[in-house]
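To keep things clear, I will list the structure first and then write my remarks on it.
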Amino acid sequence: MENTNAAFLLPLRSSLFLIIYICIMSISGRELSEVTSWWTPVAVAVNLFTIILLFYYARQEGKTFKEKINYEKGKTSVKQVILISLLVLVVGMGGMYLSAFVIYGTVMPLEAAMMAAPLSKPVAILVFLLLPVTTALAEDGLYLGFGVNGITNKAAAILVPAFFFALQHCFIPTMFDLKYVLYRFFSFLPLTIILCWHYYKNRNPLPIMIGHALIDLATVIMVLSTSMVPGLYESMLEHL
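Residue numbering for the sequence shown follows my numbering, beginning at 9 and increasing consecutively.
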């Protein structure tokens, strides 16, 4: 490691999600399965906290956040954005479907459908506005800017951030079920390895961030839809 910041920050999000969900369960008196629908506002909160930390640690190193993630204005072409966005979509969705089929025997297990559980309308709108952008800044800023850039060995610079990048998804939302944890981890690991490798090779975060934001936008559109249309979520579950 070039510094200790990456070693501290890489496992942080996984720990935060786990701690927050345990606190929510304890305070609300509900089971974890009953509060999975809160994953989007929890993610926004963790994202904002992560972004603040990244700005702080970048400043501690005498850099701006933009410098830390190697952002350069005018470096990104429309073609790059389209190609990376398609890559994120194909590998991301493909990884989830393949992992679900191997572990659950179906491409759409209940655990996947629960990610679209409805929220109150004001919260759903807020999540729709904030989640895609904050996730791209927080996750890509952390695992690429501080992870890939914070490790000197090539293999470790790709594989270590990719591991923690995928691991955090095991706790978004948190469920104490081994099959679910394996499903979430292996859903995202192929994509996170590819993204970390691509960033290591090109040092251009913007196409990855845009592609990442777009796939999260598709997710929050589904959450917004189930929140705005009564009965839609129940109808989805009936077809599983």
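For each residue, glycine too, the CB sits at the ideal point set by N, CA and C.
| task | At 4 residues or longer, and completely inside the segment 153–221: list those alpha helix (DSSP H) runs for me, N to C. | result | Runs found: 162–175, 186–210.
| Per DSSP, what kind of secondary structure is Lys-81 in: helix, strand or coil? | Numbered from 1 along the sequence shown, position 73 holds the residue referred to as residue 81. Looking at Lys-81 - three-state DSSP - the assignment turns out to be coil, as it is neither helix nor strand.
| Under a three-way DSSP split, which group does Thr-48 fall into? | The residue labelled residue 48 in the question sits at position 40 within the sequence shown. Thr-48: helix per DSSP, three-state reduction.
| request: Go through its chain and collect everything with a Cβ distance to Ile-218's Cβ below 6 Å, but skip five positions before and after it. | output: Position 210 of the sequence shown holds residue 218. Within its own chain, the residues whose Cβ lies closer than 6 Å to the Cβ of Ile-218, once the five positions on either side in sequence are excluded, are Val-89, listed in chain order.
| task | Closer than 7 Å by C-beta to Arg-192: which residues in its own chain qualify, once you throw out the five before and the five after it? Chain order, please. | result | Within the sequence shown, residue 192 is the residue found at index 184, counting from 1. Hits under 7 Å: His-177, Cys-178.
| request: Assign Thr-114 to one of two classes, buried (16 or more other C-beta atoms within 10 Å of its C-beta) or exposed (fewer than that). | output: Counting from one through the sequence shown, the residue named residue 114 turns up at place 106. Burial call: exposed.
| field | Whole-Å CB distance - Leu-222 paired with Ser-85, under 8 Å assumed | value | Walking along the sequence shown from the start, residue 222 turns up at place 214. Walking along the sequence shown from the start, residue 85 turns up at place 77. Not a contact, Cβ separation roughly 16 Å.
| request: Report the residue from Ile-77, Met-123, Ala-15 whose alpha carbon sits nearest the alpha carbon of Glu-242. | output: Mapped onto the sequence shown, residue 242 falls at position 234. Glu-242 has its Cα closest to that of Met-123, out of Ile-77, Met-123, Ala-15.
| Per DSSP, what kind of secondary structure is Ser-93 in: helix, strand or coil? | Here residue 93 corresponds to residue number 85 of the sequence shown, with the count starting at 1. Ser-93: helix per DSSP, three-state reduction.
| query | Do the CB positions of Trp-47 and Pro-181 come within less than 7 Å of each other? | reply | The residue labelled residue 47 in the question sits at position 39 within the sequence shown. The residue labelled residue 181 in the question sits at position 173 within the sequence shown. Closer than 7 Å, so yes.
| What is the C-beta distance between Ser-22 and Ser-107, in whole angstroms, given that I count them as a contact (C-beta under 8 Å)? | Stepping through the sequence shown from its first residue, residue 22 is reached at position 14. Stepping through the sequence shown from its first residue, residue 107 is reached at position 99. Actually they are not in contact, since the Cβ atoms of Ser-22 and Ser-107 sit about 18 Å apart, beyond 8 Å.
| Cα separation between Glu-80 and Ser-45? | In the sequence shown, counting from the first residue as 1, residue 80 sits at position 72. In the sequence shown, counting from the first residue as 1, residue 45 sits at position 37. Distance between the alpha carbons of Glu-80 and Ser-45 is about 37 Å.
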